[in-house]
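Read through the structure below, which is laid out as C-alpha cells, and then see the notes.
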Amino acid sequence: MFKFLINPSRFNKFADIIFKPLVVISSLILIVGLFLVYFSPLDYQQGLTVKIMYVHVPSAWLALLTYAIMTIYSIIGLAFKIPFSFVINKAIAPIGAVFTLLCLISGSMWGKPMWGTWWVWDARLTSVAILFIVYLLIIFLNHSFENRDVREKTTAIFILIGSINLPIIKFSVDWWNTLHQPASVSKLSSPSIDLSMLQPLLIMTLAFSLVGIIIAILRIKAEILIRKKYP
Amino acid sequence: MMIIKKIFLFYKRESKLFYSNIVDLFSNILFFFLSVFVFIFALGTDEQLLKTIGIGIIWSLLLLSSTLSLRKFYEEDFKIEILPIMHMGGMSYELIVFLKILSHFIFVQIPFLVSLPIVSIFFNLPTNEIYNLVLTFIIGSLILSCLGSISASMNLLNKTNFSIGSVIVLLFSIPLIIFSVGINNADNDFNSLLNLLIGIALIFLGVAPWSSAACIRLALNNK
Numbered sequence: 003m004f005k006f007l008i009n010p011s012r013f014n015k016f017a018d019i020i021f022k023p024l025v026v027i028s029s030l031i032l033i034v035g036l037f038l039v040y041f042s043p044l045d046y047q048q049g050l051t052v053k054i055m056y057v058h059v060p061s062a063w064l065a066l067l068t069y070a071i072m073t074i075y076s077i078i079g080l081a082f083k084i085p086f087s088f089v090i091n092k093a094i095a096p097i098g099a100v101f102t103l104l105c106l107i108s109g110s111m112w113g114k115p116m117w118g119t120w121w122v123w124d125a126r127l128t129s130v131a132i133l134f135i136v137y138l139l140i141i142f143l144n145h146s147f148e149n150r151d152v153r154e155k156t157t158a159i160f161i162l163i164g165s166i167n168l169p170i171i172k173f174s175v176d177w178w179n180t181l182h183q184p185a186s187v188s189k190l191s192s193p194s195i196d197l198s199m200l201q202p203l204l205i206m207t208l209a210f211s212l213v214g215i216i217i218a219i220l221r222i223k224a225e226i227l228i229r230k231k232y233p
Numbered sequence: 011m012m013i014i015k016k017i018f019l020f021y022k023r024e025s026k027l028f029y030s031n032i033v034d035l036f037s038n039i040l041f042f043f044l045s046v047f048v049f050i051f052a053l054g055t056d057e058q059l060l061k062t063i064g065i066g067i068i069w070s071l072l073l074l075s076s077t078l079s080l081r082k083f084y085e086e087d088f089k090i091e092i093l094p095i096m097h098m099g100g101m102s103y104e105l106i107v108f109l110k111i112l113s114h115f116i117f118v119q120i121p122f123l124v125s126l127p128i129v130s131i132f133f134n135l136p137t138n139e140i141y142n143l144v145l146t147f148i149i150g151s152l153i154l155s156c157l158g159s160i161s162a163s164m165n166l167l168n169k170t171n172f173s174i175g176s177v178i179v180l181l182f183s184i185p186l187i188i189f190s191v192g193i194n195n196a197d198n199d200f201n202s203l204l205n206l207l208i209g210i211a212l213i214f215l216g217v218a219p220w221s222s223a224a225c226i227r228l229a230l231n232n233k
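Listed in order, the protein sequences are those of chains R and V. Residues 3 to 233, numbered by this note's numbering, are exactly what the first sequence covers, in order. Residues 11 to 233, numbered by this note's numbering, are exactly what the second sequence covers, in order.
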C-alpha cells in the first residue's frame with residue numbers, strides 16, 4: 003500500500019490521482035483557516051500581534067517535520083540503497099528552508115512589538131537559525147559535486163550528522179531558561195492554549211502541510227523527469 | 011601483535027610526512043599570531059576591553075586557523091592512492107580514519123598549545139583563564155580534528171565548491187565554542203561544562219570515523 007513512498011512510478015501514478023482533489027481541499031482548508039484566524043479572539047496582553055502565531059507555529063513545526071522526513075529518507079536511502087529517497091531529499095530541502103525562513107521572519111516581526119527587539123541570542127532562536135544554515139548547506143551540497151552518486155550520498159551523510167540539531171531545537175526551551183516560551187501544545191499533557199485559539203492553529207497547520215505536500219509533489223515529479231532525461 | 015606493528019608503521023610514516031613539511035605548520039601558527047595582532051590593531055589597545063573579550067577572540071581565531079589546513083587532511087593520501095593499499099594491508103577505513111584523527115591531533119593541534127600562553131600574554135589574561143584555555147583546547151582540538159576529518163572526506167571529489175568544507179567545520183563547532191568560552195564565566199559550573207565538552211568530544215569521536223569512512227569509500231568507488 004505504501005509502495006508509492008519508495009517507488010518512482012508508483013509515486014507518479016498516486017500523485018496523478020491525488021493531485022487535483024488535494025489542490026481543491028487544501029485551498030478550501032486554507033480559506034476556512036484564514037477566516038477562523040480573522041475571527042479568533044484577541045489576546046489580552048498581546049492584542050492583534052497574537053495572530054502572527056498562526057503563521058509562526060505551523061511553519062516552525064513543518065520546518066522540523068521536513069528535516070525529520072529527510073533524515074528518515076537518508077537512512078532508508080543509505081541502508082537499503084533506494085535511489086528514490088535521494089530524489090525526495092533533493093526535492094524537499096528548499097521547502098524546509100522556506101518554512102524555516104518564514105518561521106524566523108514571522109518570529110522577529112512578533113518580537114519587535116512584544117520583546118522590543120528583532121533578534122535576541124536566545125537558545126531556541128539561535129538553534130532555528132542554525133537549522134536554516136543547515137538547510138542552505140544541504141541545498142549547496144546538492145549543487146556541488148560533478149558525480150551524481152557521490153553528491154547524493156554525501157548530502158545524505160551530511161543530513162544524518164546535521165540531525166543532531168533537531169533534539170536541541172525541541173528541548174532548548176526546557177534545557178536553558180530562554181526568552182522564548184516553552185511548548186503550549188503537547189501530546190503528553192493537556193494543552194495550555196485555549197480552545198478558541200487551538201482550533202484555528204490546528205487548521206492552519208493542516209493547510210500549511212497540505213500546501214507543502216502539493217509543492218513537494220510538483221518538485222518530486224520534476225526531479226523524476228530530470229533523472230529520466232539525464233540518467 | 012600484527013595490528014600494533016601496523017599502527018606503529020602508520021605513525022612512523024605520519025611523523026616523516028610531518029617533518030618533511032613542518033614549514034606549513036609554522037605558517038599556520040604564524041597566521042594565528044598575525045590574526046591576533048590584526049584584531050588588536052582593529053580594536054585598539056584598551057587593556058580592560060582586551061581582558062574581557064580575549065578568550066572569545068582567541069577561540070574564534072583558533073577555529074579559523076584550524077580550517078586552513080583542512081584540505082590536506084586526506085588529499086595527499088587520496089591522490090597517491092595510499093588509502094586502498096592500507097586497507098588491503100588489513101586495516102578497515104574506520105581504523106585508518108581514527109588513526110588519522112589522532113595523528114592530526116598530535117602533529118597539528120598540539121603545537122598550537124605552545125602558542126596559547128604566548129598569545130594570552132598579549133591580552134593580559136589572568137592565570138586561571140590561561141589554565142582553562144589550555145585545558146579546553148586539549149579537548150576542543152580533538153573535536154576540531156574530528157570535524158576536519160568529516161569535512162575533508164566529504165569534499166574529496168568536490169572540484170567546484172572549495173569553501174563549503176570550512177563552512178561545515180564552523181557550523182558544527184558552535185557548541186564547542188559556546189561551552190569552552192562559557193567555562194570562564196563565574197556563573198557557570200566548571201565541572202559540568204567540562205563534562206559536557208568531554209561528552210561532545212566522545213560523540214564526535216564516535217560519529218567521525220563512521221561518516222568519514224563512508225565518504226572515503228564513496229570517493230574511492232567513483233574516482
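Note that the Cβ used here is the ideal one computed from N, Cα and C, for glycine as well. Predicted, not measured: the structure shown is a model, and the values here were computed from it.
Scanning the segment 72–98 of chain R for uninterrupted alpha helix (DSSP H) segments of 4 residues or longer gives nothing; none is fully contained. DSSP links Asp45 of chain R through a beta bridge to R:Gly49.
Residue range 12–30 is occupied by the alpha helix (DSSP H) that includes Arg23 of chain V.
Against chain R, the CB of Met164 of chain V has a partner CB under 8 Å away; the residue lies at that interface. Counting other Cβ atoms within 10 Å of its Cβ, Phe88 of chain V reaches 16 or more and is therefore classed as buried. CA-to-CA, the gap between Val25 of chain R and Leu212 of chain R works out to about 8 Å. Pairing Thr73 of chain R with Lys83 of chain R, the inter-Cα distance amounts to about 15 Å. In this structure the segment 144–155 of chain V does not touch the segment 121–134 of chain R; the number of beta carbon pairs closer than 8 Å is below three.
Scanning chain V for C-beta atoms nearer than 9 Å to the C-beta of Ile135 of chain R yields Val177, Leu181, reported in chain order. By the C-beta density criterion, Pro202 of chain R is buried, having at least 16 other C-beta atoms within 10 angstroms. Taking CB atoms only, Lys92 of chain R has no neighbour in chain V less than 8 Å away. By the rule that beta-carbons nearer than 8 Å mark a contact, Thr77 of chain V does not touch chain R.
Between the segment 117–131 of chain V and the segment 47–56 of chain V there are fewer than three inter-stretch CB-CB distances shorter than 8 Å, so the stretches are not counted as touching. Of the residues R:Ser28, R:Leu67, R:Trp178, R:Leu227, the one whose Cα lies closest to the Cα of Leu168 of chain R is R:Leu67.
When secondary structure is reduced to three states using DSSP, Lys233 of chain V falls in the coil class, being assigned neither helix nor strand. Secondary structure of Asp34 of chain V (DSSP, three-state): helix. Residue environment for Gly99 of chain V: exposed (fewer than 16 other C-beta atoms within 10 angstroms of its C-beta). The continuous alpha helix (DSSP H) containing Gly192 of chain V extends over residues 184–192. With respect to Ser159 of chain V, Val107 of chain V sits close: the two C-beta atoms are nearer than 8 Å.
Going by DSSP, Tyr103 of chain V is part of the alpha helix (DSSP H) stretching over 103–114. The shortest CA-to-CA distance from Asn149 of chain R to any of V:Ser173, V:Leu228, V:Leu74 is the one to V:Leu228. About 4 Å separates the Cβ atoms of His58 of chain R and Ser108 of chain R, confirming a contact at the 8 Å cut-off. Following the DSSP letters along the chain, one finds Asp176 of chain R inside the alpha helix (DSSP H) bounded by residues 167–177. For Thr146 of chain V, the enclosing alpha helix (DSSP H) has its first and last residue at 137–164. Taking a Cβ-Cβ cut-off of 8 Å, Lys22 of chain V has no neighbours in chain R, whose nearest Cβ is about 31 Å from it. Counting only residues of its own chain and dropping the five nearest sequence neighbours on each side, Ile27 of chain R has a CB closer than 8 Å to the CB of Leu212.
Shortest Cα-Cα distance from Val179 of chain V to any of V:Leu206, V:Leu78, V:Ser202 involves V:Leu78.
Around the beta carbon of His114 of chain V, 16 or more other beta carbons lie within 10 angstroms, which makes this residue buried.
Restricting attention to R:Leu127, R:Ser194, R:Leu133, the CA atom closest to the CA of Ser165 of chain R is found in R:Leu133.
Burial of Gly214 of chain R is indicated by the presence of at least 16 other C-beta atoms within 10 angstroms of its C-beta. Under the 8 Å Cβ criterion, the segment 220–233 of chain R counts as touching the segment 89–108 of chain R, having at least three qualifying pairs. Gln58 of chain V: member of the alpha helix (DSSP H) spanning 57–76, first to last residue.
For the pair Ala223 of chain V and Ser110 of chain R, the Cα-to-Cα distance works out to about 41 Å.
For Leu167 of chain V, a Cβ of chain R is located within less than 8 Å of the residue's own Cβ. The C-beta of Gln58 of chain V has fewer than 16 other C-beta atoms within 10 Å across all chains shown, which makes the residue exposed. Using a CB distance cut-off of 8 Å, Ala229 of chain V counts as an interface residue toward chain R.
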